[in-house]
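Positions in the sequence shown are counted from 1; adding 7 to them yields the numbering used here. Even for Gly, the Cβ is constructed at its ideal location relative to N, Cα and C. Inspection log for the structure reproduced underneath, given as structure tokens.
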Amino acid sequence: MSEELLQQLIHMVAENNRLVKETQQELREFKKEMYDFRDEMYVFRDDTTLRLDRLERQNKHIDADLDLLHRKVSDQERELNRVKQVGQ
């Protein structure tokens, strides 16, 4: 009877070892996938940051252009008003 129990125990230990190795392999694969995903997210973040910086610069230039246009329109309106006043 003890020989049979010993064989069962050996079989259980072997099965346990197989499951542990399988789990370790799956964990290694999962970690690699997570590291790859992390690296992709870093690249995505860096690309997004560059694009946002570029958009901010463009937005500042547009704001400056709009301010200039507003000043020019105001100057033109002031000049037109002066011409109208002198003409009367």
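When the Cα atoms are used, what is the spatial distance from residue i to residue j?
{"i": "Lys38", "j": "Asp72", "result": "50 Å"}
{"i": "Gln32", "j": "Tyr42", "result": "15 Å"}
{"i": "Arg61", "j": "Gln83", "result": "33 Å"}
{"i": "Glu40", "j": "Leu34", "result": "10 Å"}
{"i": "Val56", "j": "Glu29", "result": "The sequence shown places Thr at residue 56, not Val. Straight-line Cα distance between these residues: approximately 40 Å."}
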